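Here is the structure we will look at, set down as structure tokens.
Number of protein chains: 2
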Amino acid sequence: MSVNLNAAPSAPAANASLEPLKVACASCNLRELCLPVGLNSGELQKLDGLVAQRRTVPRGEHLFHNGERFEALYAVRTGFFKTCVGSEDGRDQVTGFQMAGELLGLDGISSDRHSCDAVALEDSSVCVIPYTQLEGLSREFSVLQHQFHKIMSREIVRDHGVMLLLGNMRAEERLAAFLLNLTQRLHARGFSSSSLVLRMTREEIGSYLGLKLETVSRTFSRFQDEGLMEVKQRQLRILDLAGLQALVNNSPC
Amino acid sequence: MSVNLNAAPSAPAANASLEPLKVACASCNLRELCLPVGLNSGELQKLDGLVAQRRTVPRGEHLFHNGERFEALYAVRTGFFKTCVGSEDGRDQVTGFQMAGELLGLDGISSDRHSCDAVALEDSSVCVIPYTQLEGLSREFSVLQHQFHKIMSREIVRDHGVMLLLGNMRAEERLAAFLLNLTQRLHARGFSSSSLVLRMTREEIGSYLGLKLETVSRTFSRFQDEGLMEVKQRQLRILDLAGLQALVNNSPC
DNA sequence: CGAGCGATTGACGTCAATCAACGAATGTGG
DNA sequence: CCACATTCGTTGATTGACGTCAATCGCTCG
Numbered sequence: 001m002s003v004n005l006n007a008a009p010s011a012p013a014a015n016a017s018l019e020p021l022k023v024a025c026a027s028c029n030l031r032e033l034c035l036p037v038g039l040n041s042g043e044l045q046k047l048d049g050l051v052a053q054r055r056t057v058p059r060g061e062h063l064f065h066n067g068e069r070f071e072a073l074y075a076v077r078t079g080f081f082k083t084c085v086g087s088e089d090g091r092d093q094v095t096g097f098q099m100a101g102e103l104l105g106l107d108g109i110s111s112d113r114h115s116c117d118a119v120a121l122e123d124s125s126v127c128v129i130p131y132t133q134l135e136g137l138s139r140e141f142s143v144l145q146h147q148f149h150k151i152m153s154r155e156i157v158r159d160h161g162v163m164l165l166l167g168n169m170r171a172e173e174r175l176a177a178f179l180l181n182l183t184q185r186l187h188a189r190g191f192s193s194s195s196l197v198l199r200m201t202r203e204e205i206g207s208y209l210g211l212k213l214e215t216v217s218r219t220f221s222r223f224q225d226e227g228l229m230e231v232k233q234r235q236l237r238i239l240d241l242a243g244l245q246a247l248v249n250n251s252p253c
Numbered sequence: 001m002s003v004n005l006n007a008a009p010s011a012p013a014a015n016a017s018l019e020p021l022k023v024a025c026a027s028c029n030l031r032e033l034c035l036p037v038g039l040n041s042g043e044l045q046k047l048d049g050l051v052a053q054r055r056t057v058p059r060g061e062h063l064f065h066n067g068e069r070f071e072a073l074y075a076v077r078t079g080f081f082k083t084c085v086g087s088e089d090g091r092d093q094v095t096g097f098q099m100a101g102e103l104l105g106l107d108g109i110s111s112d113r114h115s116c117d118a119v120a121l122e123d124s125s126v127c128v129i130p131y132t133q134l135e136g137l138s139r140e141f142s143v144l145q146h147q148f149h150k151i152m153s154r155e156i157v158r159d160h161g162v163m164l165l166l167g168n169m170r171a172e173e174r175l176a177a178f179l180l181n182l183t184q185r186l187h188a189r190g191f192s193s194s195s196l197v198l199r200m201t202r203e204e205i206g207s208y209l210g211l212k213l214e215t216v217s218r219t220f221s222r223f224q225d226e227g228l229m230e231v232k233q234r235q236l237r238i239l240d241l242a243g244l245q246a247l248v249n250n251s252p253c
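Order-wise, the sequence lines are chains A and B. For the first sequence, full-length UniProt numbering assigns the number 1 to the initial residue and increments by one for each residue that follows. For the second sequence, full-length UniProt numbering assigns the number 1 to the initial residue and increments by one for each residue that follows.
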């Protein structure tokens, strides 16, 4: 396996800020990445009835907090989020980064409370999906039910990939895997797969990868020295994709 | 948060080997830990109709392999399993240990193929839950649907806890967290929470915790020297639960 | 323009990995 | 039943990767 991630069919990305009064799932350009995959138009309409509310989250603000009552899932429409869990003694761990078309809040189902924080890394907007209603609708439409289950399962598989990364890989391999994941997801959304702008700090990358920010920074510099990529602060440019892939796949020896 | 794990109400454990011809969920002593939580007797009967098949898995054998077609979930009746993912270059990572009442195979939903190996660490038996039928039944019974979603969500939360452990904790803390998790789950199944027999090798523990087997062994020895526990091969005895908890909660400084 | 956060880089320390040897337990075949 | 093989576990010495501490640089935004 190849350090799992959310593979998805391609679709162009949406634009932020100017929020239309009503954006139906049926006309959303993320529908092939999101919950509506496979629904026919009648089903889509029903789903739209449910996803009535939108919410914008300014950069740095929480979409939800750990411990908060769980009532809805959120589909990212525009923007970028991180989720993180924390231990009593103040350590915290970024558990994921979410971009357009990805679902937030699945952790909350288990205990009716959110068990992590979700924070916008740039001005973002989400669709609010009231959870009880989603359960209801997915009892009506087996396609929706199955798609929802697939999304939860995909999250589990992704987490297992991260566990492999955290448990077995060295700093270089972790960062390479992270970059490949990120570019693949961006590519699936119609962006360039070689040029990207990071939405998160070195510290946040480090937290996700189980590294310190200095190590992330040094590893970026090493990649640049080796001609694998160009690094200008958060502006990245992949020069040697195969080289990065080789780093992930070939064991260090 | 406290390095999440599958908390569950208590229930005594079943006995192996002599497999009854028919064991109904309704009379299973794991029903308060497993899928049937909250079902009324009519619903239980329907679920029983679905869970017709049992399977025994001798120690060391696979319940399923990575890449195999996904058709059913498995509920552990007796015994003990590990699940592991592997990368191309041969490294592999234990992603979890499963005991009675826990579900295996959730990773398979996302792609219709299992994405990990499940291996019995002792002679074990499982209930086979055909997945398509489970989806059907959970469209009929919202309680079953909700319980199933909770189980998937719990798996996600558990994985996030492991990510925190792998990303932030030192060897001692990881092992302490692991032991506390294990004893809590055993306790929930009616076993002593101070005495336990490990079903897995040092290497498997190490793989789960992102450590080498020598480090696991050394850390066990240190715990013993410090009077936290008694270690005789795989036979463990917790002497100072609070001491272990302190290790997990208090940052090293 | 200056304050402040984020990023980079260097010197040094630490924890766990690696390499290696040995001991204990379990299982196999003569 | 014992010799032997094999796997699992323990322990020590050394190495190496990443963390820590610290100084500096450079954006970005009031």
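Ideal Cβ positions, reconstructed from N, Cα and C, are used throughout, including at glycine. Computed from a prediction, not measured in an experiment: that's the story for all the values here.
Would you say residue 149 of chain A lies against chain B (beta-carbon separation less than 7 Å)?
So, interface residue.
In whole angstroms, what separates the C-alpha of residue 245 of chain B from that of residue 176 of chain B?
Rounded to the nearest whole angstrom, the C-alpha separation of residue 245 of chain B and residue 176 of chain B is 7 Å.
Partner residues on chain B for residue 224 of chain A, Cβ-Cβ distance less than 9 Å
Counting only Cβ-Cβ distances below 9 Å, residue 224 of chain A has no contacts in chain B at all, with the closest Cβ about 25 Å away.
Residue 117 of chain A by DSSP, collapsed to three states: which one?
It is a strand residue.
Under 7 Å, do residue 208 of chain B and residue 94 of chain B count as touching if we go by C-beta distance?
Annotated as proximal: residue 208 of chain B and residue 94 of chain B, with beta-carbon spacing under 7 Å.
Using a C-beta to C-beta distance shorter than 7 Å, which residues of chain B count as neighbours of residue 93 of chain A?
Simply 163, 164, 167, 168.
Inter-stretch contact at 8 Å, needing at least 3 Cβ pairs: the stretch 140-152 of chain A / the stretch 56-75 of chain B:
Fewer than three pairs of CB atoms, one per stretch, sit closer than 8 Å, so the stretch 140-152 of chain A makes no contact with the stretch 56-75 of chain B.
Going by C-alpha to C-alpha distance, which of B:230, B:29, B:117, B:44 sits closest to residue 157 of chain A?
Closest in C-alpha terms to residue 157 of chain A, from the list B:230, B:29, B:117, B:44, comes B:117.
With a threshold of 7 Å between beta-carbons, can residue 234 of chain A be considered close to chain B, or not?
Output row for residue 234 of chain A: interface = no.
Assess contact between the stretch 121-132 of chain A and the stretch 54-65 of chain A, defined as three or more Cβ pairs (one per stretch) separated by less than 8 Å. Is contact present?
Touching, yes.
Anything in chain B within Cβ reach of residue 110 of chain A, meaning under 7 Å, just list it in chain order.
Using a Cβ-Cβ cut-off of 7 Å, residue 110 of chain A is close to 150, 153, 154, 157 of chain B, given in chain order.
So, is residue 132 of chain A buried or exposed, given that buried needs 16 or more other C-beta atoms within 10 angstroms?
The residue in question, residue 132 of chain A, is exposed, as its Cβ has fewer than 16 Cβ neighbours within 10 Å.
Buried or exposed for residue 225 of chain B, please, with buried defined as at least 16 other CB atoms from any protein chain shown within 10 angstroms of its CB.
By the Cβ-count criterion, residue 225 of chain B is exposed, with fewer than 16 other Cβ atoms from all chains shown falling within 10 Å of its own Cβ.
Nearest chain A C-beta to residue 175 of chain B closer than 7 Å, yes or no?
By the rule that beta-carbons nearer than 7 Å mark a contact, residue 175 of chain B does not touch chain A.
Flag residue 40 of chain A as yes if its beta-carbon sits less than 7 Å from any beta-carbon of chain B, otherwise no.
No - not a single Cβ of chain B is within 7 Å of the one on residue 40 of chain A.
Flag this pair as touching only if the stretch 165-185 of chain B and the stretch 159-175 of chain A have three or more C-beta atom pairs under 8 Å; answer yes or no.
Yes: at least three Cβ pairs fall under 8 Å.
Considering only their Cβ atoms, is the gap separating residue 236 of chain B from residue 196 of chain B smaller than 7 Å?
In contact: residue 196 of chain B and residue 236 of chain B (Cβ atoms closer than 7 Å).
Kindly indicate the opening and closing residues of the alpha helix (DSSP H) around residue 152 of chain A.
Start and end: 142-168.
What number of angstroms, rounded off, separates the C-alpha of residue 205 of chain B from the C-alpha of residue 68 of chain A?
Between residue 205 of chain B and residue 68 of chain A, the C-alpha separation is close to 34 Å.
Out of A:44, A:40, A:84, state which residue places its alpha-carbon closest to the alpha-carbon of residue 23 of chain A.
The residue with the shortest Cα to Cα distance from residue 23 of chain A is A:44.
Taking Cβ-Cβ distances shorter than 7 Å, what residues in chain A pair up with residue 142 of chain B?
Those within 7 Å of residue 142 of chain B in chain A are 135, 139.
Is the beta carbon of residue 80 of chain A less than 7 Å from the beta carbon of residue 199 of chain A?
Against a cut-off of 7 Å, the Cβ pair of residue 199 of chain A and residue 80 of chain A comes out as a contact.
May I ask which residues mark the beginning and end of the beta strand (DSSP E) holding residue 215 of chain A?
First-last for residue 215 of chain A: 213-225, but that is the alpha helix (DSSP H), not the beta strand (DSSP E).
Contact belief for residue 254 of chain B with residue 121 of chain B at Cβ below 8 Å, rounded distance in angstroms
Outside the displayed range of chain B (1 to 253) lies residue 254 of chain B, so it cannot be described from this structure.
Using a Cβ-Cβ cut-off of 7 Å, state whether residue 88 of chain A counts as contacting chain B.
Cβ-Cβ to chain B under 7 Å: yes for residue 88 of chain A.
Closest residue to residue 99 of chain B among B:187, B:40, B:136, B:85 (Cα-Cα distance)
Nearest of B:187, B:40, B:136, B:85 to residue 99 of chain B, Cα basis: B:187.
Within chain A, the residues that residue 207 of chain B reaches when beta carbons sit closer than 9 Å:
Result: 167, 168.
Of the residues B:135, B:212, B:233, which one's Cα is nearest the Cα of residue 262 of chain B?
With chain B running from 1 to 253 in the structure shown, residue 262 of chain B is simply not present.
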